[in-house]
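**Student:** Dropping a structure here in structure tokens format, bear with me for questions.
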Amino acid sequence: MAMKGRLSEFSLAEIFRLMEQSQKTGLLTIRASHETSQPLQNFYIWFKQGQIVAAANRLDSRGLATLIHQREWLGEQSKPLLVEALQSDRPLGLHLKVKGSLTAEQLKLLFYTQVMRQVCSIFRFPEGWFSFEAQVHLPVSEMTGLTAVPTEVTLEGLRALRDWSALAHKLPDPNSMLVNTTRDQSQFHINQMERQIWELAKSKETLLTMATTLQQSIEKVQQIAFRLILVGLVEEVPLVIALPNEPLTGDLSHELSTASSQQISHSFLQNLMGFLSGRTVAQAH
Amino acid sequence: MEIMRLVVTGPVGAGKSTFIRSVSEIEVVDTDRRATDETAALKPRTTVAFDFGRLQFGADSALHLYGTPGQSRFDFMWDILIRKAHAYILLVAAHRPDEFHYARRILTFMKQRSQAPMIIGLTHTDQPDAWNEETITAALGFFPPQTCPPIVIVNATRTESVAQAVLTLVQHLMMSQSCLV
Chain A
1 MAMKGRLSEF
11 SLAEIFRLME
21 QSQKTGLLTI
31 RASHETSQPL
41 QNFYIWFKQG
51 QIVAAANRLD
61 SRGLATLIHQ
71 REWLGEQSKP
81 LLVEALQSDR
91 PLGLHLKVKG
101 SLTAEQLKLL
111 FYTQVMRQVC
121 SIFRFPEGWF
131 SFEAQVHLPV
141 SEMTGLTAVP
151 TEVTLEGLRA
161 LRDWSALAHK
171 LPDPNSMLVN
181 TTRDQSQFHI
191 NQMERQIWEL
201 AKSKETLLTM
211 ATTLQQSIEK
221 VQQIAFRLIL
231 VGLVEEVPLV
241 IALPNEPLTG
251 DLSHELSTAS
261 SQQISHSFLQ
271 NLMGFLSGRT
281 VAQAH
Chain B
1001 MEIMRLVVTG
1011 PVGAGKSTFI
1021 RSVSEIEVVD
1031 TDRRATDETA
1041 ALKPRTTVAF
1051 DFGRLQFGAD
1061 SALHLYGTPG
1071 QSRFDFMWDI
1081 LIRKAHAYIL
1091 LVAAHRPDEF
1101 HYARRILTFM
1111 KQRSQAPMII
1121 GLTHTDQPDA
1131 WNEETITAAL
1141 GFFPPQTCPP
1151 IVIVNATRTE
1161 SVAQAVLTLV
1171 QHLMMSQSCL
1181 V
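Chains as they are written, first to last, in the working numbering: chain A, 1 to 285; chain B, 1001 to 1181.
Spelled out as structure tokens, the structure:
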């Protein structure tokens, strides 16, 4: 079963969290466009054990080689080396670095352009389709040998996002509170405002209260909270929005609200299990 | 009379009402309609909406099934239902990834209020766009997989499938209770 859907249903940020947590290996294909009137473009992101190892907007295995060529980092004498590298089973970037044709800095710059810049731009797409295919061959010709943590990419991609309309229905409710899921946020490179929200989550305040405390708009606080939720630093806890100011009507509601929470007896459970077992068998035939 | 209260929750379209209807021995009660009967109309009322079904299996023993209200906001009825539940099942439609986010919110809401044992029931797993079990549970926040509660594949329209799901939940409840002793 392939994992597929629309980005408006399951956002790129959620996909990245899933990839990282499940340590997926495979190819994520995104079909999206900046404007609804424009034709859809394809983007490909390769994952290895939950980490992003490459990204491209083509499937001919020439994306990274083209980036290197555009920068004119390989002289004529290195061209045979490129051919040799493309035939090896080592990531192209790493192969060229080992052979002394690329420096570590150049490799980092290539990776930033290939992965960070390209992937972060996809967060801005209002609509699109995605599909994930596991068990695909990872293209060493598109790999630098460097990796990116999906949640770090998410943080960067969402920080740069200006139009949040596509994610509006995903944002935590202003009346929800946040709870910290970890005591240590040092593994994430969070900014000052994100750290403040993370600290306020310890006092179990609602997002509305946080917005007042920080003198920020509720939308901004919701967006920051969403980022922190996606990277796994906090969890949203919805609160009850309305309490009854009048008695509940009907036998059922009354019975429920006054029912005791006494533990169920062992004999009751045994009898129920026997009854249900008989029911499954009886109905199956 | 000894009564066990089982809450059936999940996003809209997951099959909560069908699930209760498939196993209930009485006509499933929609409390929205019930609250508008003549008796109720005489009293000041707060209208609530949840499905109710019953399974009587002894002179003094009954299983009550409550479906959480359909709206996406968490109102007081959710609070009452979960606090009074002995166990609950979260139904998730495997082919609707747009609802996984809401299912995750339901879970956090429930866990914050109750330690009652729960299981996950995956419905619509036969649909062509259905996601697999492992991916859905990860999307619901159960990672590593060992942290995940029992999962059952449910066809909410079939009595035997629903009975099997309830049986799994009762077994899980029994194990939880024996762990507490």
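All C-beta atoms in this analysis are idealised placements derived from N, C-alpha and C, irrespective of residue type, glycine included.
Computed from a prediction, not measured in an experiment: that's the story for all the values here.
#1: Against chain B, with Cβ distances strictly below 7 Å, would residue 280/A count as a contact?
#2: Within the region 21–107 of chain A, note down every full beta strand (DSSP E) run reaching 3 residues or more, in order along the chain.
#3: If I measure Cβ to Cβ from residue 1038/B and keep anything under 8 Å in the same chain, skipping five residues before and after, which residues do I get?
#4: Considering only their Cβ atoms, is the gap separating residue 79/A from residue 47/A smaller than 7 Å?
#5: How far does the beta strand (DSSP E) with residue 1051/B in it reach, from first residue to last?
#6: Taking residue 1023/B and residue 1154/B to be in contact with their CB atoms under 8 Å, please state how far apart those CB atoms are, rounded to whole angstroms.
#7: Can you list the alpha helix (DSSP H) stretches of 4 or more residues lying completely in the region 1111–1176 of chain B, in chain order?
#8: According to DSSP, residue 1003/B sits in a beta bridge with which residue or residues?
#9: In three-state DSSP terms, what is residue 1067/B?
#10: Per DSSP, residue 1089/B forms a beta bridge with which residues?
#11: Mapping DSSP to helix, strand and coil, what is residue 267/A?
#12: Select from the region 1100–1116 of chain B all residues with a C-beta closer than 8 Å to any C-beta belonging to chain A, and list them in chain order.
#13: Which residues share a DSSP beta bridge with residue 178/A?
#14: Going along chain B, which residues have a C-beta under 8 Å from residue 240/A?
#15: For residue 63/A, go through chain B and note every residue whose CB falls closer than 9 Å to its CB, in chain order.
#16: How about residue 3/A: is its C-beta nearer than 7 Å to some C-beta of chain B?
#17: Give the straight-line distance between the Cα atoms of residue 142/A and residue 1132/B, rounded to the nearest whole angstrom.
#18: Within this structure, are the beta carbons of residue 337/A and residue 198/A separated by less than 7 Å?
#19: Check for me: the beta strand (DSSP E) holding residue 129/A runs from which residue to which?
#20: Leaving aside the five residues before and after residue 1007/B along the sequence, list all residues of the same chain whose C-beta is less than 7 Å from its C-beta, in chain order.
#21: CB of residue 1104/B to nearest heavy atom of the ligand ADP: below 6 Å?
#22: Is the Cβ-Cβ distance between residue 122/A and residue 30/A less than 7 Å?
#23: Are there three or more Cβ pairs, one per stretch, closer than 8 Å when the region 48–63 of chain A is compared with the region 11–24 of chain A?
#24: Three Cβ pairs or more, each shorter than 8 Å: is that satisfied between the region 1120–1140 of chain B and the region 1094–1104 of chain B?
#25: What residues in the region 258–278 of chain A have a beta carbon less than 7 Å from any beta carbon of chain B?
#26: So, does the region 58–74 of chain A touch the region 106–118 of chain A, judging by three or more C-beta pairs under 8 Å?
#27: Please compile the residues from chain B whose C-beta is within a distance smaller than 8 Å of the C-beta of residue 22/A.
#28: So is residue 1033/B in contact with chain A if we call contact Cβ pairs under 7 Å?
**Tutor:** Taking the geometry as given:
#1: One-based indexing of the first sequence puts residue 280/A at position 280. It does; some Cβ of chain B falls within 7 Å.
#2: 26–33, 41–48, 51–56
#3: Locating residue 1038/B in the second sequence gives position 38, counting from the first residue. With a pLDDT of 42 at residue 1038/B, under the threshold of 50, the modelled position of this residue cannot be trusted, and the question is left open.
#4: Sequence index remark: in the first sequence, residue 47/A carries index 47 (1-based). Sequence index remark: in the first sequence, residue 79/A carries index 79 (1-based). No, the pair does not count as a contact, with Cβ atoms beyond the cut-off.
#5: Sequence index remark: in the second sequence, residue 1051/B carries index 51 (1-based). It spans 1051–1058 - the beta strand (DSSP E) in which residue 1051/B sits, taken as one unbroken run.
#6: The residue given as residue 1023/B occupies position 23 in the second sequence. The residue given as residue 1154/B occupies position 154 in the second sequence. Actually they do not touch by this definition, with Cβ atoms about 11 Å apart.
#7: 1133–1139
#8: Sequence index remark: in the second sequence, residue 1003/B carries index 3 (1-based). Per DSSP, 1062/B.
#9: Residue mapping note: residue 1067/B aligns to position 67 of the second sequence, counting from 1. Looking at residue 1067/B - three-state DSSP - the assignment turns out to be strand.
#10: The count along the second sequence starts at 1 and reaches residue 1089/B at position 89. Partner(s): 1008/B, 1119/B.
#11: Here the question's residue 267/A lines up with position 267 in the first sequence. Of the three classes helix, strand and coil, the one that applies to residue 267/A here is helix, per DSSP.
#12: 1100, 1101, 1105, 1108, 1109, 1112
#13: Indexing the first sequence from 1 puts residue 178/A at position 178. Residue 178/A is bridged to 236/A.
#14: Locating residue 240/A in the first sequence gives position 240, counting from the first residue. Result: 1074, 1075, 1076, 1078, 1079.
#15: Along the first sequence, one-based indexing puts residue 63/A at 63. None at all; the shortest Cβ gap to chain B is about 27 Å.
#16: The residue labelled residue 3/A in the question sits at position 3 within the first sequence. It does; some Cβ of chain B falls within 7 Å.
#17: Position 142 of the first sequence, counted from the start, is the residue given in the question as residue 142/A. Position 132 of the second sequence, counted from the start, is the residue given in the question as residue 1132/B. Rounded to the nearest angstrom, the two C-alpha atoms are 29 Å apart.
#18: Absent from the structure is residue 337/A, since the part of chain A shown begins at 1 and ends at 285.
#19: Numbered from 1 along the first sequence, position 129 holds the residue referred to as residue 129/A. Run containing residue 129/A: 127–134, per the beta strand (DSSP E) assignment.
#20: As a first step, residue 1007/B is located in the second sequence; it is residue number 7 there, counting from the start. So the qualifying residues of the chain are 1066, 1068, 1081, 1082, 1085, 1088.
#21: Among the components modelled here there is no ligand, and therefore nothing to report on the ligand ADP.
#22: Position 122 of the first sequence, counting from 1, holds the residue named residue 122/A. Position 30 of the first sequence, counting from 1, holds the residue named residue 30/A. A contact, by the Cβ cut-off of 7 Å.
#23: yes
#24: yes
#25: 259, 261, 263, 264, 265, 268, 269, 271, 272, 273, 275, 276, 277
#26: yes
#27: Here the question's residue 22/A lines up with position 22 in the first sequence. Within 8 Å Cβ-Cβ: 1134, 1135, 1138, 1143.
#28: The count along the second sequence starts at 1 and reaches residue 1033/B at position 33. Low confidence applies here, because residue 1033/B scores a pLDDT of 44, under 50, leaving its location unreliable and the question unanswered by this model.
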